[in-house]
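Trainee: Protein sequence lines, in the order shown, are assigned to chains A and B. This note's numbering numbers the first residue of the first sequence as 11 and each following residue consecutively. This note's numbering numbers the first residue of the second sequence as 84 and each following residue consecutively. Can you keep this structure in mind? I'll have questions shortly.
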Amino acid sequence: MQVSRHWRLKSERYKLVGETCDSCGVKLFPPRDVCLACEAPAKELYTFTGFGEIYSYTTIYDPPAGFEHNAPYTVALIKLEEGPLVTAQLTDMDDEEVRIGMPVEMVTRKLRSEGEEGMIVYGYKFRPAVPVQELSAA
Amino acid sequence: MSDVSIIGIGKTDVGEHWNTSVRHLSWYAIEAALDDAATTDVDALYVGNMLAGRLSQQDHLGALVADFAGLRGVEAVTVEAADASGGAAMRQAVLAVKSGLVRTAMVVGVEKVTDETGSAVIAELATGLDADYELIHGLTAAGAAALLMRRYMHDYGVQLDDFAAFSVNAHGNGADNPEAMFRNRLAAERFATAPVVAEPVSLFDMAPLADGAAAVIVTDAERAMDMAPKPVQVVASTLATDTIALHDRREVLWLAAAAQSAEKAMSMAGIAPHDVDVFELHDAYTILAALSLEACGFAPRGQGWHLARDGEIGRQGSIPISTFGGLKARGNPLGATGVYQIVEVAQQLRGEAGACQVPGAQIGMAQNLGMAGGTAVTHILRADFSGNLEFSGK
């Protein structure tokens, strides 16, 4: 079941909590305690806004065991507005064509489930960013 | 570094060995290498393997293989670095001999992929990615290559068809290699018709996973002169690492570990890229072939594919690659791949590459990558027998 493996990542998976470098201010996701840019300690938590744009993407037709029922699905590298890239699936695409540079926003979705009685793992995916005027109209 | 030489090489056919286990595959390659070196005197064994524990529920390969190969009692361990395990095991053997603590070291790379099939193998291979931040999102090895390829095409204005020449070259060479998994030539116009695996990566972009084992015996260069008619000197051996996850890299389209290990190796060997006569690179995906050529200094950024388009990667070209078919056509037996590369370069330098021979090859380079370059192992080999024509075989 590996419950603890997923439980310990809950703030990253549900809220995009990363870190910021004490020294150069670079924002880090995933958190790694040592800055990727200047190698200084980076332990201050930072919650990302969840907005970004697509840097690259692929649609996977030959999935690994555990993801068969999702295929084909699209995995992207998202460039978060604070700087770092993050790997995540795209969701809620409807008929929209994915393109590099497309604005996206983080949502929480089911990442995978482990059978009828198994654990369901939730976490971040990204969908096309909903323009602000649409949100206020709704 | 100048005092480690290869005195024996051996390998099995690459393919689907339904009737052969991980221990038997290892033994066949070891047996061939011992025959080639005309010795049974081995002091240490380094096994390169990625997935035996997952696909065959068999870990502890050092002891298992040493015992099965008649080397019981010998120092033996497994070296794991995803599909760079074979190259990393070779590196350990070189270090051991170089240190003086081990006189003669054997390397065997082995992978038994076909004990599992389909999505199980894809999932196990993906364990070479970052489990918490890539694998959980359904990324696969092919998917990671696809993320690189898509961005490369976008940034450099490259078309899908521009990658075809890598696979056409690999299959053309594989057709001449009796041990290759795929011996069919590939027509460039068929490239676009291949089934898509992880868009834009298609079946014709990616190397087939396969069973296989290859072995190499190394000892100190002076002793090698007395033991082998055609010792091949290991003039450089380097290993560098990068982030596993693409999202952690400062420059996604730059294989930093490949660049770092190649630069250091060339400096160690005292050579420049134009001195390399044959280059076995890690063409698990066509995009990795292009990026490797760029990282190792054979092409400017964004132009690695030009070498394929212009025919420079062929046996008559300026930088022949995948001369026995590469991962693409010889096949990719994961943890064995890096040792196949060493064996193939040694065959080229001995002038024993048969129909795959690059005429007059004197200096060869092998570069083995772990997944999308999280690990990069580079070896440079040089023919070392000009003064050994009166080999006595004592």
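For glycine and all other residues, C-beta sits at the position ideal for the given N, C-alpha and C. Bear in mind the structure is a predicted one, so any value in this text is a computation, not a measurement.
1) Just the Cα atoms here: how many angstroms apart are Ala-419(B) and Leu-55(A)?
2) In chain order, what residues of the same chain have a beta carbon less than 7 Å from the beta carbon of Ala-139(A), not counting five sequence neighbours either side?
3) Excluding sequence positions up to five away, which residues of its chain have a Cβ less than 6 Å from the Cβ of Arg-137(A)?
4) What's the C-alpha gap between Ala-115(B) and Leu-154(B)?
5) What residues match up with Gln-175(B) in a beta bridge as DSSP calls it?
6) Are the C-beta of Ile-130(A) and some C-beta of chain B separated by less than 9 Å?
7) Could you tell me which chain B residues have their CB closer than 7 Å to the CB of Leu-19(A), listed as they occur along the chain?
8) Just the chain A side, please: which residues come within less than 8 Å of Arg-234(B) by C-beta, in chain order?
9) Any beta-carbon of chain B closer than 9 Å to the one on Arg-137(A)?
10) With burial defined as no fewer than 16 other Cβ atoms inside 10 Å of the residue's Cβ, what is the status of Glu-435(B): buried or exposed?
11) Does Ala-98(A) have its Cβ less than 9 Å from a Cβ in chain B?
12) To the nearest angstrom, how far is the alpha carbon of Ile-463(B) from that of Ala-271(B)?
13) Could you check if Asn-451(B) is buried or exposed, using at least 16 other CB atoms within 10 Å of its CB as the buried criterion?
14) Let me know the secondary structure DSSP gives Phe-362(B) once reduced to three states.
15) Pair every Cβ in the segment 239-255 of chain B with every Cβ in the segment 426-434 of chain B, then say whether three or more of these pairs are closer than 8 Å.
16) What in chain B is Cβ-close to Phe-61(A), meaning under 8 Å?
17) Could you list which residues in chain B have their beta carbon closer than 9 Å to that of Gly-76(A), in chain order?
18) How should Tyr-24(A) be labelled, buried or exposed, when 16 other C-beta atoms within 10 angstroms of its C-beta is the threshold for buried?
19) I'd like the span of the alpha helix (DSSP H) that includes Gln-430(B), first residue to last.
20) Using a C-beta to C-beta distance shorter than 7 Å, which residues of chain A count as neighbours of Val-280(B)?
21) Considering only the beta carbon of each residue, do Leu-336(B) and Gly-385(B) sit closer than 9 Å?
22) Using the beta-carbon count (16 or more within 10 Å), is Leu-184(B) buried or exposed?
23) At what residues does the beta strand (DSSP E) containing Val-105(B) begin and finish?
24) What's the gap between the Cα of Gln-316(B) and the Cα of Asp-309(B)?
25) Counting only Cβ-Cβ distances shorter than 9 Å, please list the residues of the segment 302-336 of chain B near chain A, keeping chain order.
26) Since Ile-110(A) sits in a beta bridge, which residues does DSSP pair it with?
27) Once you ignore the five residues that flank Ala-120(B) on each side, which residues in its own chain have a CB closer than 6 Å to its CB?
28) Could you tell me the distance, in whole angstroms, from the CA atom of Ala-466(B) to the CA atom of Lys-313(B)?
29) Given Ala-47(A), which residues of its chain have a CB within under 8 Å of its CB, disregarding the five upstream and five downstream residues?
30) Using a Cβ-Cβ distance under 9 Å, would Pro-283(B) count as near chain A?
31) Determine the contact status of Asp-358(B) and Ile-219(B), defining contact as a CB-CB distance below 9 Å.
32) Helix, strand or coil for Glu-99(B)? Go by DSSP, reduced to three states.
33) Could you tell me which of Trp-101(B), Lys-195(B), Phe-265(B), Thr-161(B) sits nearest to Pro-291(B), measuring between CA atoms?
34) Measuring CB to CB, does Gly-192(B) end up less than 9 Å from Gly-211(B)?
Mentor: Checking against the coordinates, here is how it stands:
1) Near 42 Å, if we compare the C-alpha coordinates of Leu-55(A) and Ala-419(B).
2) Correct list, in chain order: Phe-61, Pro-113, Val-114, Glu-115.
3) Correct list, in chain order: Thr-101, Asp-102, Val-117.
4) Cα to Cα, the separation comes out at about 15 Å.
5) DSSP lists no partner for Gln-175(B).
6) With 9 Å as the cut-off, Ile-130(A) does not count as an interface residue toward chain B.
7) The answer, in chain order, is Asp-215.
8) Tyr-65, Ser-66, Leu-87, Ile-110, listed in chain order.
9) Cβ-Cβ to chain B under 9 Å: no for Arg-137(A).
10) Exposed, by the Cβ-count rule.
11) Ala-98(A) counts as touching chain B.
12) When rounded, the distance between both Cα atoms is 31 Å.
13) Under this definition Asn-451(B) is a buried residue.
14) Collapsing the DSSP output to three states places Phe-362(B) in a strand.
15) Two segments are said to touch when three or more pairs of C-beta atoms, one from each, lie closer than 8 Å; by this definition the segment 239-255 of chain B does not touch the segment 426-434 of chain B.
16) Counting only Cβ-Cβ distances below 8 Å, Phe-61(A) has no contacts in chain B at all, with the closest Cβ about 16 Å away.
17) Against chain B, a Cβ distance below 9 Å from Gly-76(A) picks out Ser-202, Ala-206, Gly-221.
18) Exposed is the call here.
19) Per DSSP, Gln-430(B) belongs to the alpha helix (DSSP H) from 417-433.
20) By Cβ distance, chain A contributes Tyr-71, Asp-72.
21) Their beta carbons are under 9 Å apart, which means Leu-336(B) touches Gly-385(B) by this criterion.
22) Label assigned to Leu-184(B): exposed.
23) Following the DSSP letters along the chain, one finds Val-105(B) in no beta strand (DSSP E) but inside the alpha helix (DSSP H) bounded by residues 105-120.
24) Each residue's alpha carbon lies about 14 Å from the other.
25) Listed by position along the chain: Thr-326, Ala-328, Leu-329, His-330, Asp-331, Arg-332, Arg-333, Val-335.
26) In the DSSP output, where bridge partners are listed per residue, Ile-110(A) has none listed.
27) Cβ neighbours of Ala-120(B) beyond the five flanking positions: Ile-90, Gly-91, Ile-300.
28) Inter-residue distance for Ala-466(B) and Lys-313(B) is about 8 Å (C-alpha atoms, whole angstroms).
29) Answer for Ala-47(A): Cys-31, Cys-34, Val-36, listed in chain order.
30) Pro-283(B) counts as touching chain A.
31) Against a cut-off of 9 Å, the Cβ pair of Ile-219(B) and Asp-358(B) comes out as no contact.
32) Correct three-state label for Glu-99(B): coil.
33) For the set Trp-101(B), Lys-195(B), Phe-265(B), Thr-161(B), the Cα lying nearest the Cα of Pro-291(B) is the one of Phe-265(B).
34) In this structure, Gly-211(B) does not lie closer than 9 Å to Gly-192(B) by Cβ.
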